[in-house]
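Residue numbers (our numbering): 11 to 572.
We treat Cβ as the ideally placed atom computed from N, Cα and C, and that holds for glycine.
No experiment lies behind these values; they were computed from the predicted model shown.
The structure under discussion appears below in the form of structure tokens.
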Ligand SMILES: [Fe+2]
């Protein structure tokens with residue numbers, strides 16, 4: 011064997027050239043666990059190196075840093091001691107080399123202080139992980155929408171099926187972190203808040219397997235990629251597991267549940283699939299109850315993957331075999347509603363749907379009764395139909411709106427969406443979209459934004475103190491309907507004692523608005539409006555006339571006869 015003799019300088023040159031040229035970022039950077047005083051920055055390199063993040067108020071020349079000396083390709087650096095609601099620029103690399111920095115796209119904004127009432131915007135996507143053109147269109151429609159008022163979301167919120175088909179690491183790379191059709195560039199400055207779907211769980215514990223791995227020790231790509239706050243460090247009760255978790259963001263308490271934790275082994279069946287008993291419990295349900303009991307936040311938002319209510323193709327009925335959807339309805343919803351959760355975000359059915367303000371349906375459609383509709387209007391504040399969540403009184407905390415946002419790259423063919431608790435939905439071969447939610451003080455606004463850039467649905471929830479219905483803005487004795495029963499029309503008389511915005515609607519006994527009879531400002535006085543009963547949709551039966559005067563609501567029954 012011929013010996014080679016290399017000088018020390020040659021060896022050093024080769025070593026440095028090899029060391030520096032081999033280090034390339036192949037994922038990220040991306041942001042996790044965004045808090046008021048801390049954040050986690052993650053990235054992946056193609057070779058082992060230590061980790062360092064420089065951060066500060068300027069692009070490219072910051073001296074503050076946090077680091078880790080352990081050589082790794084999966085870099086994870088937590089920044090602490092940050093100031094709430096502050097924009098920081100950052101760079102990533104090693105102690106000796108900046109791999110990405112001096113870049114206006116590399117920044118993050120810390121969360122508001124927990125006592126702050128700062129407006130919050132978040133962007134909800136579900137069933138999105140294809141790396142496809144529809145996914146790009148949904149992303150771009152969001153970007154165009156938020157560019158209108160230069161108000162990007164504080165974070166992206168996932169409702170599962172993040173990476174089709176099996177949630178493998180390469181599928182996350184091409185269907186989530188890719189920059190062309192996915193979110194790779196957005197993640198440089200927008201954290202994502204994750205929950206998994208059944209497709210993601212295929213690489214962790216596939217139900218079809220069936221899943222018989224203790225959730226306490228489950229591992230896999232989704233769990234390796236996400237880095238949520240699981241120790242209660244951002245508020246909420248510690249779950250100690252990435253499977254489910256909670257955190258506070260301003261006035262909002264967020265709860266990420268896991269609808270995929272089903273098993274034929276009872277001890278591992280944490281979601282309660284095939285168990286519709288009201289006494290079912292599990293480590294996840296016990297944690298959920300403790301977490302709900304502990305939070306004092308004004309707003310409560312829960313999210314998971316498998317929707318409890320769907321009006322398309324009986325998706326959440328027994329005939330569908332979607333047992334995990336039933337399990338969430340049986341075991342999540344009663345707890346969430348008991349503690350006044352305002353909004354539930356899910357996916358799984360490949361459409362957009364959303365409910366009225368409801369309470370108490372933990373069964374199939376056959377178990378529905380009209381009393382479960384807390385507010386059967388459309389939720390449009392401009393029409394005086396915002397959903398009111400009372401903060402005290404007999405209706406304190408009652409009512410939840412359920413949203414299915416499962417078409418951020420997947421779609422169902424058209425078929426009618428009918429379910430007694432669903433107000434509206436959209437599904438067709440080319441119907442894709444996402445949901446944008448704004449929370450500001452006592453007000454929550456939801457918008458469903460199609461991939462075509464059109465807001466197709468919206469609703470508002472308002473937090474209000476209960477003032478009772480005894481205040482005589484509308485005099486009880488003056489609210490009369492005659493004749494009653496009636497055939498073609500009836501006269502509605504009422505008196506108003508001071509100026510107010512009056513809305514009068516005809517409702518089915520299930521609370522659905524059938525016709526709007528009047529809407530407008532009125533002075534104090536006596537009024538008489540004609541109620542036409544010979545309109546479409548008004549067949550023989552019992553109805554309600556709802557009179558709303560600046561939020562004070564009174565009802566009269568009317569019977570329509572043939
Ligand atoms: Fe799914």
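*Please look up how many angstroms separate the CB atoms of residue 170 and residue 315, rounded, as I've assumed it's under 8 angstroms.*
Contact flag correct, Cβ pair sits at about 3 angstroms.
*Apart from the five residues on each side of it in sequence, which residues of its chain come closer than 6 angstroms, Cβ to Cβ, to residue 512?*
If we look at residue 512 and ignore the five residues flanking it on each side, its Cβ neighbours are 532 and 559.
_Given residue 344 as reference, the closest of 298, 61 and 188 once Cα atoms are compared_ = The shortest C-alpha to C-alpha distance from residue 344 to any of 298, 61 and 188 is the one to 298.
*asked:* For a quick check, are the C-beta atoms of residue 410 and residue 347 less than 8 angstroms apart?
replied: Yes, these two residues count as a Cβ contact at 8 angstroms.
*To the nearest angstrom, how far is it from the Cα of residue 30 to the Cα of residue 212?*
Note on residue 30: pLDDT 45, under 50, position unreliable in the model; no value is reported.
*Where DSSP assigns a beta bridge to residue 523, which residues make up the other side?*
The partner list for residue 523 (beta bridge, DSSP) reads 517.
*Tell me where the alpha helix (DSSP H) around residue 294 begins and ends.*
Start and end: 293-304.
_Restricting to Cα atoms, I'd like to know which of 362, 503, 384 and 400 is closest to residue 456._
For the residues 362, 503, 384 and 400, the minimum Cα distance to residue 456 belongs to 362.
*Report the rounded CA-to-CA distance for residue 500 versus residue 517, giving the unit in angstroms.*
Going by the C-alpha atoms only, they are around 15 angstroms apart.
*May I have all residues whose beta carbon comes closer than 5 angstroms to any heavy atom of ligand 1, sorted in chain order?*
Put simply, the residues with a CB less than 5 angstroms from any heavy atom of ligand 1 are 171, 207, 208 and 358, in chain order.
*Check the C-beta distance from residue 429 over to residue 137 and give it rounded, since I have them as a contact under 8 angstroms.*
No, residue 429 and residue 137 are not in contact; Cβ-Cβ is about 19 angstroms, not under 8 angstroms.
*asked:* With H, G and I counted as helix, E and B as strand and the rest as coil, what does DSSP make of residue 505?
replied: Of the three classes helix, strand and coil, the one that applies to residue 505 here is strand, per DSSP.
*Does the beta-carbon distance from residue 231 to residue 287 come in below 8 angstroms?*
The answer is no: Cβ separation not under 8 angstroms.
_DSSP three-state assignment for residue 385, whether helix, strand or coil_ = Correct three-state label for residue 385: strand.
*As assigned by DSSP and simplified to three states, the class of residue 39*: Residue 39 falls in the strand class under three-state DSSP.
*Mind checking residue 140: buried by the 16 CB within 10 Å criterion, or exposed?*
By the neighbour-count rule (16 or more Cβ atoms within 10 Å), residue 140 is buried.
_Coarse secondary structure for residue 278, derived from DSSP in three states_ = The answer is helix: DSSP assigns residue 278 an H, G or I state.
*Terminal residues of the continuous beta strand (DSSP E) containing residue 80?*
DSSP places residue 80 inside the beta strand (DSSP E), whose first and last residues are 74-89.
*asked:* Tell me the rounded alpha-carbon separation between residue 567 and residue 545.
replied: Their Cα atoms are separated by approximately 18 angstroms.
*Is the CB-CB distance between residue 466 and residue 431 below 8 angstroms?*
Taking 8 angstroms as the cut-off, the Cβ atoms of residue 466 and residue 431 do not count as close.
*asked:* Among the candidates 313, 59 and 279, whose CA atom is the shortest distance from the CA of residue 132?
replied: Of all alpha-carbon atoms in 313, 59 and 279, the one lying nearest the alpha-carbon of residue 132 is that of 313.
*asked:* What would DSSP say about residue 182, mapped onto helix, strand or coil?
replied: Residue 182 falls in the helix class under three-state DSSP.
*Where residue 235 sits in the DSSP three-state scheme*: Helix at residue 235.
_So if DSSP puts residue 536 in a beta bridge, which residue, or which two residues, is it bridged to?_
Answer is 505.
*Among 373, 453 and 434, nearest to residue 400 - alpha-carbon criterion*: When only C-alpha atoms are compared, the closest one is 453.
*Do you know how far the Cα of residue 194 is from the Cα of residue 186?*
Here the alpha carbon of residue 186 sits roughly 7 angstroms from the alpha carbon of residue 194.
*Considering only C-alpha positions, which residue in the set 417, 416, 219 and 307 is nearest to residue 260?*
Out of 417, 416, 219 and 307, 307 has the C-alpha closest to the C-alpha of residue 260.
_Using the three-state DSSP reduction, which class does residue 550 fall into: helix, strand or coil?_
In this structure, DSSP gives residue 550 a state outside helix and strand, which the three-state scheme calls coil.
_Contact defined as beta carbons within less than 8 angstroms: I believe residue 461 pairs with residue 144. What is the distance between those atoms, to the nearest angstrom?_
Right, the Cβ-Cβ distance comes to about 6 angstroms (below 8 angstroms), so this counts as a contact.
_Extent of the continuous alpha helix (DSSP H) run through residue 209_ = Start and end: 208-211.
*Beta carbon of residue 390, beta carbon of residue 471: below 8 angstroms?*
In this structure, residue 471 does not lie closer than 8 angstroms to residue 390 by Cβ.
*Is it true that the segment 154-169 meets the segment 237-254, where meeting means three or more beta-carbon pairs spaced less than 8 angstroms apart?*
Counting Cβ pairs under 8 angstroms, fewer than three are found: no touch.
*asked:* Within a Cβ cutoff of 7 angstroms, which residues of the same chain sit near residue 282, ignoring the five residues on either side of it in sequence?
replied: Only residues of its own chain outside the window of five on either side were considered, and among them 290, 292, 337, 340 and 341 have a CB closer than 7 angstroms to the CB of residue 282, listed in chain order.
*Expressed to the nearest angstrom, what Euclidean distance is found between the alpha-carbon atoms of residue 166 and residue 201?*
Cα to Cα, residue 166 sits roughly 6 angstroms from residue 201.
*Can you give the Cα-Cα distance for residue 475 and residue 562, rounded to whole angstroms?*
Rounded to whole angstroms, the gap between the alpha carbons of residue 475 and residue 562 is 12 angstroms.
*To the nearest angstrom, report how far apart residue 571 and residue 408 are at their CA atoms.*
Straight-line Cα distance between these residues: approximately 34 angstroms.
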